[in-house]
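In our numbering, the protein residues as written are 17 to 522.
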Ligand SMILES: [Fe+2]
């Protein structure tokens, strides 16, 4: 009880800290979450201007300092930030110089853009030395939530020291609930997990409606509940009062599954598509039905913005969707009324439920590292999904094999750089020696390969393929090295290329 009482006091202090911080953030309204390069930001904004469709802010995805400088110089719109590569879910950050360095670089980007917040997925692409191309959600356990809270506090302290805003205060760390991609692991429910994080860290949250749909789909909830019941139950437990931004993005059947598993088995009475998070795809209407339900919950007291996440989406589709979004939701930000005043409010969960956990035991950091190592082994087909993290009622591995046998191999061989297109001469020579490229997938995971510089999947892919060639066809290594050097130079040049010099927004 004493522990619980101490935590309750901590929670109250954390809550006040959050309220002080969020009070300094102005309402941003309806915006776009964009990538600087894809689609090319100046061209996108020129197209929007032509269409007379104007976002109220741009949440800018992680880019180089020089590219961000160009963006800041050419628009007066508020530019909050979408960070990348700072893996707050992983244990050991406090003693990892690379994590500290990433946080400092991030602080410099926030100062440059004068960002009011920095959003980060509660996810990682690097676990126990193994690299992935797209986000893996955390293990949803109590000890994992505790580590996330501690890591966020470390990063927020760096923002406070190195990224002060002109009007006072510093950018606020926002944590985004990540998508599920076919599975979920852990002993805590997802909303209880985020409640546990926000009870210990003064961060805000981003609620991504498409991600929430994937939770409905891949937690197995869809088999027992309607989407409306699911959203209501989820929000009742989720710390909605910490939500600062809402994202809406597309969903689609992943290209590695098309034609193989578009929908669930036909004998199911209510089949749902096997969609995953897909920013290039159109936004399905169900997400706006979910959004309307979320907006009615009455607890969005600190909402500052809603953005369509449109990186990699065609400009015309962005303009169509933004025009509709502005028309439908502009009234939300017309007057500065507290978002908690909407009718039909659901009460927050009882205070004594806030620290409840189904964990049974609190794992130490070392065992969390071991648990993440096991997690990496399971998702890469080197271990079976057994044990509490895979068998608890909050876990769901029913569709894990789609990830293991289709999605992940596609990611290694094709996504974020197609190996045959990257190394055409080496691949031709390997084929001549009867060496199949498929072996690269198992090679990728046969040993951990720690990352020693800022995480970049394309860079990792280059390094790992050269290693693969060295091991299987040593005589081809010089050829692979030459192609690797050309790739690195071209990639660096593309990342640093100046954006259009025309003003990107009136
Ligand atoms: Fe998002």
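Quick reminder that beta carbons are idealized off the backbone N, C-alpha and C, glycines included.
Open item on the list: Let me confirm a value: residue 275 is counted as buried when at least 16 other C-beta atoms fall within 10 Å, else exposed. Which label applies?
Closed with: Within the chain shown, residue 275 is the residue found at index 259, counting from 1. Exposed.
Open item on the list: Please report the distance separating the alpha-carbon of residue 240 from that of residue 91.
Closed with: Here residue 240 corresponds to residue number 224 of the chain shown, with the count starting at 1. Here residue 91 corresponds to residue number 75 of the chain shown, with the count starting at 1. Whole-angstrom Cα-Cα distance: 48 Å.
- [ ] Evaluate the contact criterion for the stretch 191–202 versus the stretch 43–51: three or more CB pairs, one atom per stretch, below 8 Å.
- [x] no
Task: Boundaries (first-last residue) of the alpha helix (DSSP H) holding residue 174 - done: Start at 1 with the first residue of the chain shown, and residue 174 comes out as number 158. Looking at the DSSP string, the run of the alpha helix (DSSP H) that includes residue 174 is 158–178.
Task: residue 502 versus residue 496: straight-line alpha-carbon distance, rounded - done: Against the chain shown, residue 502 aligns to sequence position 486. Against the chain shown, residue 496 aligns to sequence position 480. Rounded to whole angstroms, residue 502 to residue 496 spans 10 Å at the Cα level.
- [ ] Using only the heavy atoms of ligand 1, determine whether one of them is closer than 8 Å to the beta carbon of residue 49.
- [x] Residue mapping note: residue 49 aligns to position 33 of the chain shown, counting from 1. Yes - ligand 1 has a heavy atom lying nearer than 8 Å to the Cβ of residue 49.
- [ ] Could you tell me if the beta carbon of residue 445 falls within a distance shorter than 8 Å of some heavy atom in ligand 1?
- [x] In the chain shown, counting from the first residue as 1, residue 445 sits at position 429. No - ligand 1 has no heavy atom lying nearer than 8 Å to the Cβ of residue 445.
Task: Option nearest residue 204 by Cα separation, candidates 265, 407 and 217 - done: As a position in the chain shown, residue 204 is number 188, starting the count at 1. The candidate whose alpha carbon is nearest that of residue 204 is 407.
Open item on the list: I need the boundaries of the beta strand (DSSP E) containing residue 49, first residue and last residue.
Closed with: As a position in the chain shown, residue 49 is number 33, starting the count at 1. Note, residue 49: beta strand (DSSP E), 45–50.
- [ ] May I ask you to check if the CB of residue 136 is nearer than 8 Å to at least one heavy atom of ligand 1?
- [x] As a first step, residue 136 must be located in the chain shown, where it is residue number 120. Answer for residue 136: no, Cβ out of range of ligand 1.
Open item on the list: Given the structure, does residue 226 come close to ligand 1, in the sense that its CB is under 8 Å from one of the ligand's heavy atoms?
Closed with: Walking along the chain shown from the start, residue 226 turns up at place 210. Indeed, a heavy atom of ligand 1 lies less than 8 Å from the Cβ.
Open item on the list: Our contact map puts residue 413 next to residue 404 with C-beta atoms below 8 Å; I'd like the distance itself, whole angstroms only.
Closed with: Along the chain shown, read from residue 1 onward, the residue named residue 413 stands at position 397. Along the chain shown, read from residue 1 onward, the residue named residue 404 stands at position 388. About 12 Å; that fails the 8 Å criterion.
Open item on the list: Let's see if you can read the secondary structure: which residues bound the beta strand (DSSP E) around residue 140?
Closed with: Here residue 140 corresponds to residue number 124 of the chain shown, with the count starting at 1. From DSSP, the beta strand (DSSP E) with residue 140 extends over 140–143.
Open item on the list: Looking at residue 265: is its Cβ nearer than 9 Å to the Cβ of residue 224?
Closed with: Numbered from 1 along the chain shown, position 249 holds the residue referred to as residue 265. Numbered from 1 along the chain shown, position 208 holds the residue referred to as residue 224. Yes. Within cutoff.
Task: Proximity winner among 504, 509, 435 and 396, relative to residue 464 (alpha-carbon distances) - done: Position 448 of the chain shown holds residue 464. Checked all of 504, 509, 435 and 396; the closest Cα to residue 464 is 396.
Task: Proximity of residue 101 and residue 472 at Cβ, strictly below 9 Å - done: Here the question's residue 101 lines up with position 85 in the chain shown. Here the question's residue 472 lines up with position 456 in the chain shown. Going by C-beta atoms, residue 101 is nearer than 9 Å to residue 472.
TODO: Let me know if residue 505 comes out buried or exposed under the rule of 16 or more other beta-carbons within 10 Å of its beta-carbon.
DONE: For this step, residue 505 is matched to residue 489 along the chain shown. It counts as exposed.
- [ ] Between the Cα of residue 177 and those of 119, 220, 165 and 215, spot the shortest distance and give me the residue it belongs to.
- [x] Start at 1 with the first residue of the chain shown, and residue 177 comes out as number 161. Of the candidates 119, 220, 165 and 215, the one whose C-alpha sits nearest the C-alpha of residue 177 is 119.
- [ ] Please state whether DSSP places residue 271 in a helix, a strand or coil.
- [x] Looking up residue 271 in the chain shown gives position 255. Residue state, collapsed to three classes: coil.
Task: Top-ranked residue by Cα proximity to residue 167, from 475, 477, 257 and 116 - done: Counting from one through the chain shown, the residue named residue 167 turns up at place 151. Checking every option, the nearest Cα to that of residue 167 belongs to 116.
Task: Beta bridge counterpart(s) of residue 192 as assigned by DSSP - done: If you number the chain shown from 1, residue 192 lands on position 176. Note: residue 192 sits in a beta bridge opposite 137 and 222.
Open item on the list: Tell me the DSSP secondary structure of residue 89 in three-state form.
Closed with: Counting from 1 along the chain shown, the entry for residue 89 is found at position 73. Residue 89 falls in the helix class under three-state DSSP.
Open item on the list: Just to check my reading of the structure: residue 187 and residue 109 have Cβ atoms closer than 8 Å, yes? What is that Cβ distance to the nearest angstrom?
Closed with: For this step, residue 187 is matched to residue 171 along the chain shown. For this step, residue 109 is matched to residue 93 along the chain shown. That pair is no contact at about 19 Å.
Open item on the list: Let's test the definition: count the other Cβ atoms within 10 Å of the Cβ of residue 29 and tell me whether it reaches 16, buried, or not, exposed.
Closed with: Position 13 of the chain shown, counting from 1, holds the residue named residue 29. By the neighbour-count rule (16 or more Cβ atoms within 10 Å), residue 29 is not buried but exposed.
Open item on the list: Quick check on the burial criterion: 16 or more other C-beta atoms within 10 angstroms. Buried or exposed for residue 411?
Closed with: Translated into the one-based positions of the chain shown, residue 411 becomes position 395. Buried.
Open item on the list: Short of 6 Å in beta carbon distance, which residues of its chain neighbour residue 2, apart from the five on each side in sequence? Order them along the chain.
Closed with: Missing from the structure shown is residue 2; the chain here goes from 17 to 522 and no further.
Task: residue 462 beta carbon near ligand 3 (any heavy atom closer than 8 Å) - done: This structure lacks ligand 3; its bound ligands are ligand 1.
TODO: Could you pull out every residue in the same chain whose Cβ sits closer than 6 Å to the Cβ of residue 127, ignoring the five residues on either side in sequence?
DONE: As a working note, residue 127 is residue 111 in the chain shown. Result list for residue 127: 179, in chain order.
Task: Beta carbon of residue 492 nearer than 9 Å to that of residue 442 - done: On the chain shown, position 476 is the one that residue 492 refers to. On the chain shown, position 426 is the one that residue 442 refers to. Yes, Cβ-Cβ distance for residue 492 and residue 442 is below 9 Å.
Task: CA-to-CA distance, residue 246 to residue 339, given in whole angstroms - done: Translated into the one-based positions of the chain shown, residue 339 becomes position 323. Translated into the one-based positions of the chain shown, residue 246 becomes position 230. Going from the Cα of residue 339 to the Cα of residue 246 covers about 29 Å.
Open item on the list: Spatial neighbours of residue 142 within its chain, please: C-beta separation below 8 Å, excluding the five flanking residues on both sides.
Closed with: By 1-based counting over the chain shown, the position of residue 142 is 126. Excluding sequence neighbours, residue 142 sits near 103, 106, 148, 467 and 471.
TODO: Give a single yes or no on whether residue 222 has its beta carbon closer than 8 Å to a heavy atom of ligand 1.
DONE: Start at 1 with the first residue of the chain shown, and residue 222 comes out as number 206. Yes, the beta carbon of residue 222 sits closer than 8 Å to at least one heavy atom of ligand 1.
Task: residue 262 in three-state terms, based on DSSP - done: Looking up residue 262 in the chain shown gives position 246. If DSSP states are grouped into helix, strand and coil, residue 262 belongs with the strands.
- [ ] Under 6 Å Cβ to Cβ from residue 420, same chain only, skipping five residues before and after it: list those, please.
- [x] To locate residue 420, count along the chain shown from 1; it is residue 404. Here the set comprises 397.
Task: Closer than 9 Å to chain E by CB, residue 162 - done: Chain labels in this structure do not include chain E; a single protein chain is all it has.
Open item on the list: Quick check: the stretch 331–350 against the stretch 47–63, are at least 3 beta-carbon pairs closer than 8 Å?
Closed with: yes
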